[in-house]
Amino acid sequence: MECKLKMENDILTAELDGEIDHHCAKSIREQIDLEIEIQNPKTLILDFSDITFMDSSGIGLIMGRYKKIKQTGGKVKIKNPSPNTYRVLKLAGMDRLAKIEREEF
Amino acid sequence: MKVKNQLKMQLQAKSANESFARASIGAFVAQLDPTIEEISDIKTAVSEAVTNCIIHAYKNFSGEIYITVKIFENNKVKIVIRDKGCGIDDVNKAMQPLYTTGGEERAGLGFAVMQSFCDKIRVISKIGKGTTVTLFKEIKSK
Ligand SMILES: Nc1ncnc2c1ncn2[C@@H]1O[C@H](COP(=O)(O)OP(=O)(O)OP(=O)(O)O)[C@@H](O)[C@H]1O
Ligand SMILES: [Mg+2]
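Heads up: the sequence lines are chains A and B, in that order.
Using my numbering, read the first sequence as starting at 1 and increasing by one per residue.
Using my numbering, read the second sequence as starting at 106 and increasing by one per residue.
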């Protein structure tokens with residue numbers, strides 16, 4: 001699991017790679033939270049283009065970051081989840097908290 | 106219904122084994138020629154049940170996770186995931202969406218995901234004895 005962070009024009013992008021589960025969620029969470037505290041972005045983009053698996057630990061991860069960035073008026077966007085990840089996001093109602101941007105399949 | 110094939114495994118309740126558990130069960134079920142979606146459903150549901158053993162059942166002590174996968178002749182799959190951990194006091198309450206004892210970073214959606222991605226799930230638990238989660242899924246493809 002990899003998490004590459006980029007800050008540009010008030011937008012923090014986290015490019016995630018691999019599988020999101022409970023085992024790796026802690027490290028991703030710590031990296032993103034540290035960057036949110038330093039950079040204070042207005043938008044957090046979670047780029048899921050290279051995520052091949054996600055379970056409810058990923059939902060907890062997104063909800064936690066959503067709550068954190070909301071405190072300073074920021075928002076979360078989720079980019080390019082796979083069809084399977086999208087089903088987990090929909091089940092959890094994540095589309096009501098965050099904008100989900102999908103490419104055509 | 107006759108059992109066509111069976112897998113049994115026993116794993117230490119360590120988070121590093123979460124990906125191994127779902128990947129190996131996914132690979133075992135692949136002999137039924139499932140769709141990508143069906144495999145993903147099974148891997149996700151297994152990941153939820155195995156993660157629950159690690160986070161909740163063995164929160165205060167270490168232990169083992171016991172998994173049996175049975176493939177029946179009618180293409181139905183039965184996956185039993187058992188722990189000898191702390192057990193669940195009120196299973197119906199625990200299965201409600203958003204219910205969690207796991208704190209801030211948990212969504213409380215593991216059982217909801219298992220229910221949505223399987224045909225049926227069964228949960229039996231006893232305080233101090235452990236929990237058995239059974240996942241049922243028919244592979245319909247081809
Ligand atoms: N194997 C288990 N042993 C003991 N308690 C369990 C077990 N599985 C689930 N529970 C209890 O049931 C609750 C709900 O489980 P569920 O998987 O739905 O949500 P969660 O694990 O808390 O959060 P999430 O799965 O979204 O990360 C847990 O918080 C825990 O209290
Ligand atoms: Mg869970």
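All C-beta atoms in this analysis are idealised placements derived from N, C-alpha and C, irrespective of residue type, glycine included.
CB contact check: residue i to chain B, cutoff 8 Å
i	result
residue 46(A)	no
residue 84(A)	yes
residue 33(A)	no
residue 14(A)	no
residue 27(A)	no
residue 57(A)	yes
residue 88(A)	yes
Nonlocal neighbours in the same chain, by C-beta distance under 6 Å from residue i, ignoring five residues either side
i	result
residue 58(A)	20
residue 120(B)	159
residue 137(B)	180 and 244
Buried or exposed by the 16-neighbour rule on C-beta atoms within 10 Å, applied to residue i
i	result
residue 108(B)	exposed
residue 45(A)	buried
residue 188(B)	buried
residue 16(A)	buried
residue 227(B)	exposed
Proximal residues to residue i (C-beta, below 7 Å), its chain only, five neighbours per side dropped
i	result
residue 68(A)	33 and 36
residue 40(A)	72
Heavy atom of ligand 1 within 7 Å of residue i beta-carbon
i	result
residue 197(B)	no
residue 171(B)	no
residue 204(B)	yes
residue 2(A)	no
Ligand 2 heavy atom lying under 7 Å from the CB of residue i
i	result
residue 156(B)	yes
residue 215(B)	yes
residue 153(B)	yes
residue 56(A)	yes
Interface flag, residue i vs chain A, CB-CB below 8 Å
i	result
residue 167(B)	no
residue 162(B)	no
Entirely within the region 139-211 of chain B and at least 3 residues each: give me those beta strand (DSSP E) ranges in chain order. Runs of beta strand (DSSP E) with 3 or more residues, each lying fully within the region 139-211 of chain B, are found at 169-177 and 181-188, listed in chain order.
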